[in-house]
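Every number in the working numbering is 84 more than the matching position in the sequence shown, counting from 1.
Each residue gets a CB set at the ideal place from its N, CA and C atoms; glycine is no exception.
Since we're looking at a predicted model, the values are computed, not measured.
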Amino acid sequence: MLNISPAKIATVIMRARKYDADVPGSGHARELRGFISAMNEDEQASLTAVMWIGRETFDASELQEAINTARAEATVPTEDYLLGVPMLADYLEDGLSALGISLEEAQEEIDPSV
């Protein structure tokens, strides 16, 4: 079971897309890093697991194993690890899809103040 809302993952995807198209000095990296670092450990582990599922390191049926592995193997801050992953937004979107979660529906639930 995911310990993060699909809306939070959708927010990371949107911010990661801005980060990928970043213009130096725009602050997109700082915003994405801050958003991820503000998550609790369970949310960060679930976010990492969704990325791994999207990258096909794990299958969707191995979600709990991926979450447990993310917790066990966390040696650097999650935001540092994830911002170093090329195509982060694509992997997260693919991971949501593999888990049967619609990105469009998740985006509808995003808190505009985030």
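Discussion item. Which of the three DSSP states is assigned to leucine 109 in this structure?
Written reply: Here residue 109 corresponds to residue number 25 of the sequence shown, with the count starting at 1. The amino acid at residue 109 is misidentified as leucine; the sequence shows glycine. Coil at glycine 109, not helix or strand.
Worksheet entry | Which listed residue (Val96, Ala91, Met85, Ser89) has its alpha carbon closest to that of threonine 162 | Here the question's residue 162 lines up with position 78 in the sequence shown. If you compare the alpha carbons of Val96, Ala91, Met85, Ser89 with that of threonine 162, the shortest gap goes to Val96.
Discussion item. Quick check on DSSP: helix, strand or coil for aspartate 143?
Written reply: For the purposes of this step, residue 143 is taken as residue 59 along the sequence shown, with counting starting at 1. Coil at aspartate 143, not helix or strand.
Discussion item. Check whether the region 160 to 174 and the region 143 to 151 touch, using three or more Cβ-Cβ pairs below 8 angstroms as the test.
Written reply: The region 143 to 151 and the region 160 to 174 do not touch, with fewer than three beta-carbon pairs separated by less than 8 angstroms.
Worksheet item: Starting from glutamate 127 and walking both ways along the alpha helix (DSSP H), at which residues does that stretch end?
Response: Position 43 of the sequence shown, counted from the first residue, corresponds to residue 127. Here the alpha helix (DSSP H) through glutamate 127 covers 125 to 138.
Practice prompt. Have a look at alanine 156 and arginine 99 and give me their C-alpha separation to the nearest angstrom.
Written response: The residue given as residue 156 occupies position 72 in the sequence shown. The residue given as residue 99 occupies position 15 in the sequence shown. Approximately 26 angstroms, taken between the alpha carbons.
Discussion item. Do leucine 187 and glutamate 177 count as a contact pair if the criterion is CB distance below 8 angstroms?
Written reply: Here residue 177 corresponds to residue number 93 of the sequence shown, with the count starting at 1. Here residue 187 corresponds to residue number 103 of the sequence shown, with the count starting at 1. With contacts defined by Cβ atoms closer than 8 angstroms, glutamate 177 and leucine 187 form a contacting pair.
Discussion item. Strictly under 8 angstroms for the Cβ-Cβ distance: is glutamate 192 near chain C by that measure?
Written reply: The structure shown has no chain C; it contains just one protein chain.
Worksheet item: So what's asparagine 152 in DSSP terms, helix, strand or just coil?
Response: Counting from one through the sequence shown, the residue named residue 152 turns up at place 68. Helix at asparagine 152.
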